[in-house]
Amino acid sequence: MKYFKYKPINKYTIDSLVFNYYWAASAESMNDVFEGDSVLDNIEKEISHIKDGPKKDNFILENKKLILSTKKTLGLFCLTQDSKNILMWSHYGDSFRGICIEYNDNILAKLKDHKSQKYTVNYKNKIPNISFHKLYSDNSSDYRRLKQTLIGTKAKCWSYEKEIRLIHDGVNAFDYIPEAIEAIYFGYKFPKEESLKIIRALKDQNVKYYKMAKGNYLIKYEELPDIPSFTHYLWESDKFGEFEYNFELENFQKMVAGGKGRLTVFTKEIISEDLANDFYNSMSNGFFKDLAIKEVFFKLENNPINDSMPAYYCFKNNTKPVFTDNRSLY
Numbered sequence: 007m008k009y010f011k012y013k014p015i016n017k018y019t020i021d022s023l024v025f026n027y028y029w030a031a032s033a034e035s036m037n038d039v040f041e042g043d044s045v046l047d048n049i050e051k052e053i054s055h056i057k058d059g060p061k062k063d064n065f066i067l068e069n070k071k072l073i074l075s076t077k078k079t080l081g082l083f084c085l086t087q088d089s090k091n092i093l094m095w096s097h098y099g100d101s102f103r104g105i106c107i108e109y110n111d112n113i114l115a116k117l118k119d120h121k122s123q124k125y126t127v128n129y130k131n132k133i134p135n136i137s138f139h140k141l142y143s144d145n146s147s148d149y150r151r152l153k154q155t156l157i158g159t160k161a162k163c164w165s166y167e168k169e170i171r172l173i174h175d176g177v178n179a180f181d182y183i184p185e186a187i188e189a190i191y192f193g194y195k196f197p198k199e200e201s202l203k204i205i206r207a208l209k210d211q212n213v214k215y216y217k218m219a220k221g222n223y224l225i226k227y228e229e230l231p232d233i234p235s236f237t238h239y240l241w242e243s244d245k246f247g248e249f250e251y252n253f254e255l256e257n258f259q260k261m262v263a264g265g266k267g268r269l270t271v272f273t274k275e276i277i278s279e280d281l282a283n284d285f286y287n288s289m290s291n292g293f294f295k296d297l298a299i300k301e302v303f304f305k306l307e308n309n310p311i312n313d314s315m316p317a318y319y320c321f322k323n324n325t326k327p328v329f330t331d332n333r334s335l336y
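Sequential numbering from 7 applies to the sequence shown in the numbering used here.
Shown next, in the form of structure tokens:
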């Protein structure tokens, strides 16, 4: 099962990705203002038959305190089953400027030092009823149903969220196994330079990356190259130096063995032939290893005729690069 988390991009999001943890927030911070609180009203109705007086008032007060205490102490990590929801991107993904993280449910459940309980949120048209007897029950199934009602029930209008919640006994940060993240989807308005920073920060993890493509009111994703695999040299090589952020990888295509691999690399300025040759060799002997045809093109990214301009280096099947004089590019 795959679960997803829409996030704005900020230092807290980056930090959680790099150090492999998520934040379980208080139930009081949830976006449905009626969530949980409505249960308090039903409890008052349920015990209305008790004789009026100070004892009844105290009984109601103690029940309220118990529920409110439960809401404060439980930590919630909220996920969704839908990675292509326009409203979710708008509400939680910073209006397409953020990211959507794909988790493997089975691996995510294997937290390093903690346990969590998973709840699928139920969406109701009416406020759920709760028995105050379950508040004091020693039956574990009663307590689980109580938590389901308290923090696993929302108004029907939220049903588009298809929400899954991981519940912890505490509001805190919880570490997960790095392999729990399988993919990151970049919103349509996500800054390209920021995506490179994320990819570089997670280069040692086996994460796939996707960029969003517009499509007739439907969200579509295009897979990005497996950058951590075939550009490890690019990030780590001493030769790369000042060009560390000058590469933007586009127009990538890899087919099955015997097929064709092509990569276009846009640079802010013309790089040395040696650097380009080293990069091509790392591609040819690594990511393109089993392909019959291997092509890598280097172009200037700021050229006004970017799409049709010739490459200043063209590598094909281990031949010497064809060099185009910079003056002929304009």
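Where a beta carbon is used, it is the ideal one built from N, C-alpha and C, also for glycine. Quantities reported herein were computed from a predicted structural model and do not represent experimental measurements.
One Cα belongs to residue 297, the other to residue 317, and the distance between them is close to 22 Å. In the three-state reduction of the DSSP assignment, residue 275 falls in the coil class.
Within the region 150-213, the runs of beta strand (DSSP E) at least 3 residues long that lie entirely inside it are, in chain order, 159-161, 169-174, 178-181, 187-192. For residue 269 and residue 227, the gap between their C-alpha atoms comes out near 19 Å. Closest option to residue 103, judged by alpha-carbon separation, among 306, 210, 14: 14.
According to the DSSP secondary-structure assignment, residue 81 is paired through a beta bridge with 32, 174.
Membership of residue 318 in any beta strand (DSSP E) is not indicated, and neither H nor E is assigned to it by DSSP.
Short of 8 Å from the beta carbon of residue 99, and not among the five residues preceding or following it, lie these beta carbons of its own chain, in chain order: 12, 13, 14, 105, 106, 193. In the three-state scheme derived from DSSP, where H, G and I count as helix and E and B as strand, residue 7 is classed as coil.
At least 7 Å separates the beta-carbon of residue 166 from that of residue 281. Pairing residue 125 with residue 158, the inter-Cα distance amounts to about 6 Å.
Look at residue 107 here: in three-state DSSP terms it is strand. DSSP, read as helix, strand or coil, puts residue 282 in helix.
Look at residue 306 here: in three-state DSSP terms it is strand. Residue burial annotation: residue 204 is buried, with at least 16 other C-beta atoms found within 10 angstroms of its C-beta. When the five nearest sequence neighbours on each side are left out, the beta carbons in the same chain lying within less than 8 Å of the beta carbon of residue 79 are those of 175, 176, 177, in order along the chain.
By the criterion of a C-beta distance shorter than 6 Å, residue 188 is surrounded in its chain by 108, 110, once the five residues flanking it on both sides are discounted. Going by C-alpha positions, residue 191 is about 9 Å away from residue 89. Distance from the CA atom of residue 321 to the CA atom of residue 287, rounded to whole angstroms, is 10 Å. Taking every protein chain shown into account, the CB of residue 163 has fewer than 16 other CB atoms within 10 angstroms, so this residue is exposed.
Looking at the backbone, the Cα of residue 285 and that of residue 207 are separated by about 20 Å.
Within the model, the alpha-carbon separation for residue 305 versus residue 274 is close to 9 Å. Boundaries of the alpha helix (DSSP H) around residue 17: 17-24.
Between the C-alpha atoms of residue 210 and residue 183 there is a straight-line separation of about 13 Å. Across the structure, residue 21 and residue 30 are spaced so that their CA atoms are roughly 15 Å apart. Distance check between residue 170 and each of 195, 122, 200 places 122 closest, using alpha-carbon atoms only. By the Cβ neighbour-count rule, residue 24 is exposed, with fewer than 16 other Cβ atoms within 10 Å of its own. Relative to the Cα of residue 156, the nearest Cα in the group 128, 299, 186 belongs to 128. Taking all protein chains shown into account, residue 301 has 16 or more neighbouring C-beta atoms within 10 Å of its C-beta and is therefore buried. Cα atoms of residue 112 and residue 28: separation of roughly 16 Å, rounded to the nearest angstrom. Beta-carbon to beta-carbon, residue 180 and residue 85 are separated by about 13 Å, too far to satisfy the 8 Å threshold. Annotated as distal: residue 267 and residue 303, with beta-carbon spacing of 7 Å or more. DSSP lists no beta-bridge partner residue for residue 94. Shown here, residue 112 sits in a helix according to DSSP, grouped into three states.
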